[in-house]
Amino acid sequence: MTPQNILFVDDSPMVLSLLERTLTQEAFTLHTAHTPKEALQVLEQHPIDVVVSDLLMPGLDGITFLRMIKKDYPHIVRIILSGHLHTQSILSAINQVGVFRFLTKPLELDDDTLKKYCMRRLIRPNSTETACMQNRT
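In terms of full-length UniProt numbering, the sequence shown opens at residue 1 and continues consecutively.
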């Protein structure tokens, strides 16, 4: 089975390091970026399957960044990971960006939540938009 390419975008090096250590396994090829600009460069160089992005980052916020991903790379599963629960941000993520999941920090990495959502792309590679629509009802 081809490893799944996952891109993590977060302005916190500590968060990126934790995610890398936790999700290093054969089923994933991990890529990281500290800014959306860096992430766009990674997307140009690698076939990414899943993007997990922080919501609040300096410069370009996660909603705007994932909106760009949806437009330019509609096949990519989009997940937001945030420590801030703003109702408007959650609604924007779901309604405008079609995120697959909105996960909160601190993420309980021992419960395999993020791993499970990233693996779902391997199991059902063409069901991203269907899954998003089902989660809205």
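Virtual Cβ for every residue (Gly too), placed ideally from N, Cα, C.
Note that the C-beta distance between L60 and H31 is not below 8 Å. Check the Cα spacing between K71 and each of I90, V97, V15, S53: the tightest is with V97.
Per DSSP, the unbroken alpha helix (DSSP H) holding Q45 starts and ends at 36 to 45. Ranked by Cα distance from T104, the first of F65, S53, M68 is S53. Within the DSSP bridge table, the entry for R101 names I79 as partners. Under the three-state reduction of DSSP, S12 is assigned to coil, being neither helix nor strand.
Comparing C-alpha distances from I48 to each of A93, H75, M68 shows the shortest one belongs to H75.
By the Cβ neighbour-count rule, S17 is exposed, with fewer than 16 other Cβ atoms within 10 Å of its own.
Non-local beta-carbon contacts of V99 in its own chain, meaning distances under 7 Å to residues more than five positions away in sequence, involve L66, R78, I79, I80, A93 in chain order. Nearest in C-alpha terms to L55, of all of P106, H84, L19, is H84. At the C-beta level, H34 and D11 come within 8 Å of one another. Assigned with DSSP and collapsed to three states, Q88 falls in helix.
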